[in-house]
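Report on the structure given below.
Number of protein chains: 2
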Amino acid sequence: MATLSDIGLAAAINILTAFAFFIAFAILRIQPVNDRVYFPKWYIKGLRSNPLSTGAFVGKFVNLDFRSYVNFLNWMPAALQMPEPELIDHAGLDSAVYLRIYLIGLKIFVPIAFLAFSILVPVNWTNSTLERSNLTYSDLDKLSISNIPRGSRRFWTHLVMAYVFTFWTCNVLKTEYEIVAKMRLHFLASEKRRPDQFTVLVRNVPPDPDESVSELVEHFFLVNHPSDYLTYQVVYNANELSNLVNKKKKMKNWLDYYQIKYSRNQSRKPSLKVFIVDDILLKSPTGFLGLFGNRVDAIDHYTSEIEKLSREISLERDKIVNNPKSIMPAAFVSFKTRWGAAVCSQTQQSRNPTVWLTEWAPEPRDVYWDNLAIPFVSLTLRRLVIAVAFFFLAFFFMIPIAFVQSLANIEGIEKALPFLKTIIEKKVVKSFIQGFLPGIALKIFLIFLPSILMLMSKFEGFISLSSLERRSATRYYIFQFINVFLGSIITGTAFQQLDNFIHQSATQIPKTVGVSIPMKATFFITYIMVDGWAGVAGEILRLKPLIIYHLKNFFMVKTEKDRKEAMDPGTLGFNTGEPQIQLYFLLGLVYAVVSPILLPFIIVFFALAYVVYRHQIINVYNQEYESAAAFWPDVHGRIIVAVIVSQLLLMGLLSTKEAAQSTPLLITLPVLTIWFHMFCKGRYEPAFVRYPLQEAMMKDTLERAREPNLNLKSFLQNAYIHPVFKGEDDSDSDEAPEEFEKEPDLVPTKRQSRRNTPLPSKHSGSASSSMREAQDYPLL
Amino acid sequence: MATLSDIGLAAAINILTAFAFFIAFAILRIQPVNDRVYFPKWYIKGLRSNPLSTGAFVGKFVNLDFRSYVNFLNWMPAALQMPEPELIDHAGLDSAVYLRIYLIGLKIFVPIAFLAFSILVPVNWTNSTLERSNLTYSDLDKLSISNIPRGSRRFWTHLVMAYVFTFWTCNVLKTEYEIVAKMRLHFLASEKRRPDQFTVLVRNVPPDPDESVSELVEHFFLVNHPSDYLTYQVVYNANELSNLVNKKKKMKNWLDYYQIKYSRNQSRKPSLKVFIVDDILLKSPTGFLGLFGNRVDAIDHYTSEIEKLSREISLERDKIVNNPKSIMPAAFVSFKTRWGAAVCSQTQQSRNPTVWLTEWAPEPRDVYWDNLAIPFVSLTLRRLVIAVAFFFLAFFFMIPIAFVQSLANIEGIEKALPFLKTIIEKKVVKSFIQGFLPGIALKIFLIFLPSILMLMSKFEGFISLSSLERRSATRYYIFQFINVFLGSIITGTAFQQLDNFIHQSATQIPKTVGVSIPMKATFFITYIMVDGWAGVAGEILRLKPLIIYHLKNFFMVKTEKDRKEAMDPGTLGFNTGEPQIQLYFLLGLVYAVVSPILLPFIIVFFALAYVVYRHQIINVYNQEYESAAAFWPDVHGRIIVAVIVSQLLLMGLLSTKEAAQSTPLLITLPVLTIWFHMFCKGRYEPAFVRYPLQEAMMKDTLERAREPNLNLKSFLQNAYIHPVFKGEDDSDSDEAPEEFEKEPDLVPTKRQSRRNTPLPSKHSGSASSSMREAQDYPLL
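Protein chains in written order, with UniProt numbering: chain F, 1 to 780; chain C, 1 to 780.
Written as structure tokens, this is what we have:
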């Protein structure tokens, strides 16, 4: 049992660590040479093109103005100064709302901590249960619920406090949901014209023997949305092309590398060894494969390779555009008005609900192109597979790791790679391997976990990056809940817990977990300091991007444009960041009644994280997409889950404390909370899922009044082209877009049976064309 | 333990009872005097106006054609002859699809019974576990899974059979879902023009200080659906009026009664005693209150009363039409096209998702008028209240009944009503009260249960009779599942079960229930025969409507029209009938693997019920509404629940039989079944919830081609008027409808701030009016 002074020491160490990070950051960030690592956002926005240097040559790399070293924390007030509307303008709504999660943390926990310390702590402290018992205990435990004797009337305080805390949390949640919903609607309403406002993504276009996908889409929407339909953009299967383009980009990087190497040392022409294995060209400038093969001139080699690839790319491009099979059964359909798009995205188009699936198109940069063509049956199957896979991942992930650990012992390595025997047998190496390898296997798994979860979401078939991240975040939260939260409270692997739980009664589970909670308070305090405080402080240092940027800058940067590309601003990383915050909500709410001593640590985390991430959002991160805070219902839902978990665990804990008369009162709490959640869902969630017609109509009307002669078609024509077709940095891609502008306004039907009928009139409102359509889709 | 011969005897008794019912029915139905009881449907449809009599005077009442008595079962083939499309035409899609539930029962259980008897029964029978054990057992038990020794390899047969049965059931369910979805779409597509196709119900019209509800609705839809909006119909709060009208109808019945009495016995003018208590006129022609008061002429009295009420009604009617406060914040909004209505019903209108709630309007006769004005917050609160109330009803309903039973003993009655003491003290009466009263309290509760559940649904705020019935059916099913199914398997009240269950582990519950299942087979066989067979046979006799019709016919019928009203065809009663069928599905699926002997009894039930209900639907029932089989997703979902319950219980049973190696294989079954359900939900359910735009557009286009000059507005104008305003049988209601036709085509805005702007142009597409609207609904 840790004493107060133990915790104090740990806190001091962690505070010092955090300070060390901050000082390092303060020094590194004002060096002009690091400017692009710590302020990339400003470069990307075009507001800064050169570091603010002190003039002299050295001043271009090192900051010589010693005054700027004095106030090493002055970035903090600077980060807080920017008002929210400006922040939304600067970094987007997603980022601004993301920061509100930390603010909610403060709004919930500061009053709760105040109440807990002024009411609960005295109530707990003024007992002597622990003193009279034979248990070892610390001052910390005297502050917690453990110090209350069994069946004491003092538990009524905790019960009332549980109500107060729940009420307060729900109150904050409701207010925030309302604010965020308004912010989202305001953001959508005040946004400038964007292609996704007019566009709907249509998936599962049914196959048709007589007509191509393009013709089918054109016909279908001309008939069923006659007054609003404008144009469409088919989706090409350009995965192969995008591979080639990526390959070319890599080659170019190597070319740049060798050209710089040559320009620095003109005496020696760089060369590399090339050898041919089964028609696959393996190039290895470094590494042990570089030992064999023919030595060639590196610059010449890459130049010719790039030329070859350019030719391949243009061939592939032609193939995609001309081959109807490369058109996927999906399309981006654009409408003349936002109203038309809102209508189409919210309604069911066809009598078969698995074809002509329409949904609001994500932003062009938010689209995840690979998943656009997955058919409905496959989607449901994928969902089943991933659900089962995730279940096993969450509960049984220790099994393969234990297997790897058992392999990764000295004997296993010696067997597999006998030539390493001499090195391994050295004592230092041996003890290192024996001590660290098992831990490393687990650590590597945990590092790769977000990527694994992201892969799962991709396999599941989501079509936008934002939804991929949201789903991954949900899974990551569940994983953390099971393996970090429950796993720390009840020792044993997740599988053992599962086994315990299904053999325990529904009332026993909260008891089992609830009883262990007070004992784990010190563990979680340490966890918050190491993972939370130090983690946040480390975040601001950006050690990894710093190193990579300088390596790239040294080896590959030729022009300013290259330097711009070498910057890696990174993103907020919703899929990993948000579940981590949620864990702190969970801890805070669970311990609020049980051991209030935890709360100050959580408050420090939220405050620190708020400042740091606000700084990062202003100066560093560059969001890949803008979902207009579409993730808020998830955030809200997970905090609600935390509230309910805390209530159930308190119920379990109190029932072991023989305060059984409180059970009925405690049962009503989760019921009320669930009802509150349902109320919020009905009241606010639609704002995050649907686009109200009133809003759409209003924006349409305003626009029509302001710009009566707007040519919307040309604005929308190329908005949803696969990024490889756009390729601004690719000189030979300029021809491509024209291909997409040639779509005829009207596609004559190609149906065999109807070849001899006259061409349909343009507007399907007339009887003839719709009658034809009616016949084409017979009644049963 | 019942033996085979016991079951045989019970079956014989029940078969005889059923036959007795059938013979009674066969005799009663061919009497011309009962014609309106057994063939009301034909009278309502206007296909029959007089019983087919044999000519003579007596023949008008009694059938003298003795040949027709011979083939007393000839109604059965007659009921089966009508083909399904004709049945849909004759009785509506709801009824036709309702019959398919019985057919599904046959489709599922006939092949399963065949397989079970050819494979499972021999496997069970050829063991000797029971013979060797000391337990008493019957031949019936030898056919069941109880006869297999612990840990036997023969359990693999049951496992495989569980897979086969699940697969077969899912297969039938999928096929049926597909067929019913197609039937529904075809029905909707081939329907003739109906007001609800063009109409959307708008609820929660937000209050506005400057404009009335009518103006607000008109403005909102003119602006947001400019091209399709046609007209609207506000909803009046006519509950008071409808009370008055009902009162008048009752008075009229009494007047008729006395007039007939007088015409039969002209010597004595009928009179009744009237006395005044606190301004309330108590009239009691019979009963003990009739002993006091002034004797007046009955016919004069009722005539004057009716006149008085007529005046009140016309006053109230004027009040409603002229008082803006009697307009509820809801409206039926009609569109020019089905497409427009489909769009409006499927989209969100306002940025605040709790106002301007639109949904597809129910049929005019399906509307439940009282609930149209419940605000959103109240709705969510009501849902919470009802959820909690139903929980207590389902688990604790025995408590008040036990309380009533404890009151309703001899001493309690003597105390409350001392003057009955002399009667009660008689021995016969005493033993009757002591023996029956406690049972009667429970029986009365069970009789009133459907009404209680219906009241709950009404309180919850559903706005159509069909949705009220669907919700009541769900609750009734849950109640039956807990109290009949579980309650019979594990003895004890529902509350005791609940208490057991929450103290048992998740794996223990299926074990506890599963183990008791084989032992209860004989009980459920008896239950099926008494409740199922005899119940169905009793249904066709229609004893209650028969008696009531003849009473009414004798006392109150003056004209043919009165006689028509005296007919009570009744309805299918989805809210009680469907949950009962579902109980048989549950029993059949649970016992299919465990005790296949139950299956033939269930098959007989389904076959019998199918024939009987087909007859009743053709000849008797008159549906109050037509929901186009909107209940099918519920039916499907409950059968899926039954499948999953059967799988879990089998898992529990097998785990006690030490066939643990089968557990992983058994766990995958519910997972697959749930996935199958999700697949079906995505694939077919939208057809029951939304109206595809393609369909709407097709029907619109066809109609426009056929009837280019249709005046839709006049067709829709009075479709959604509260039934009391229509009142065809009320002479003084003729003036009212005109009031509703005077709605101006355009409502000038009344907003104070904009009085001085010119009148808005008619189409909101123009900038001025929409800009105004945009200002009226400011951005935040």
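Note that beta-carbon positions come from the ideal geometry of N, C-alpha and C, so glycine has one too.
Examine chain C for any beta-carbon lying closer than 9 Å to the beta-carbon of residue i, and answer yes or no.
{"i": "residue 673(F)", "result": "no"}
{"i": "residue 687(F)", "result": "yes"}
{"i": "residue 225(F)", "result": "yes"}
{"i": "residue 209(F)", "result": "no"}
{"i": "residue 691(F)", "result": "yes"}
{"i": "residue 457(F)", "result": "no"}
{"i": "residue 185(F)", "result": "yes"}
{"i": "residue 205(F)", "result": "no"}
{"i": "residue 334(F)", "result": "no"}
{"i": "residue 697(F)", "result": "yes"}
{"i": "residue 320(F)", "result": "no"}
Assuming residue i contacts residue j under a Cβ cut-off of 8 Å, what Cβ separation, rounded to an integer in Å, is found between them?
{"i": "residue 683(C)", "j": "residue 36(C)", "result": "Residue 683(C) to residue 36(C), Cβ: 45 Å. No contact."}
{"i": "residue 472(F)", "j": "residue 453(F)", "result": "4 Å"}
{"i": "residue 75(F)", "j": "residue 112(F)", "result": "The Cβ separation is near 30 Å, so there is no contact."}
{"i": "residue 570(C)", "j": "residue 620(C)", "result": "7 Å"}
{"i": "residue 639(C)", "j": "residue 173(C)", "result": "6 Å"}
{"i": "residue 652(C)", "j": "residue 557(C)", "result": "That pair is no contact at about 59 Å."}
{"i": "residue 91(F)", "j": "residue 618(F)", "result": "7 Å"}
{"i": "residue 712(C)", "j": "residue 332(C)", "result": "In fact, because the Cβ distance is near 14 Å, the residues do not count as touching under 8 Å."}
Using the Cα positions of residue i and residue j, report the straight-line distance between them to the nearest angstrom.
{"i": "residue 343(C)", "j": "residue 365(C)", "result": "23 Å"}
{"i": "residue 613(C)", "j": "residue 33(C)", "result": "23 Å"}
{"i": "residue 87(C)", "j": "residue 567(C)", "result": "22 Å"}
{"i": "residue 623(C)", "j": "residue 555(C)", "result": "27 Å"}
{"i": "residue 485(F)", "j": "residue 421(F)", "result": "41 Å"}
{"i": "residue 305(C)", "j": "residue 541(C)", "result": "39 Å"}
{"i": "residue 149(F)", "j": "residue 164(F)", "result": "23 Å"}
{"i": "residue 271(C)", "j": "residue 296(C)", "result": "5 Å"}
{"i": "residue 189(C)", "j": "residue 702(C)", "result": "11 Å"}
{"i": "residue 516(C)", "j": "residue 647(C)", "result": "15 Å"}
Can you find a CB in chain F that lies within less than 9 Å of the CB of residue i?
{"i": "residue 470(C)", "result": "no"}
{"i": "residue 342(C)", "result": "yes"}
{"i": "residue 376(C)", "result": "yes"}
{"i": "residue 339(C)", "result": "yes"}
{"i": "residue 296(C)", "result": "no"}
{"i": "residue 220(C)", "result": "yes"}
{"i": "residue 347(C)", "result": "yes"}
{"i": "residue 759(C)", "result": "Confidence at residue 759(C) is low in this model, with a pLDDT of 43, below 50, so the placement of that residue should be treated as unreliable; the coordinate-derived value is given next. Taking Cβ atoms only, chain F never reaches closer than 9 Å to residue 759(C), which makes this a no."}
Report the partner residues of residue i according to the DSSP bridge assignment.
{"i": "residue 360(C)", "result": "200(C)"}
{"i": "residue 232(C)", "result": "333(C)"}
{"i": "residue 297(C)", "result": "271(C)"}
{"i": "residue 367(C)", "result": "464(C)"}
Any C-beta of chain A sitting closer than 9 Å to the C-beta of residue i?
{"i": "residue 388(F)", "result": "Here the protein chains are F and C, and chain A is not one of them."}
Is residue i near the ligand GDP, judged by its Cβ being under 8 Å from some heavy atom?
{"i": "residue 545(C)", "result": "For the structure depicted, the ligand GDP is absent and the ligand set is empty, with no information on it obtainable."}
Segment contact, 8 Å Cβ cut-off, at least three pairs: the segment 118–131 of chain C with the segment 602–611 of chain C: No contact exists between the segment 118–131 of chain C and the segment 602–611 of chain C.
Check whether the segment 392–400 of chain C and the segment 348–366 of chain C are in contact - that is, three or more C-beta pairs closer than 8 Å. Look at the beta carbons and you see the segment 392–400 of chain C not touching the segment 348–366 of chain C: under three pairs across the two are nearer than 8 Å.
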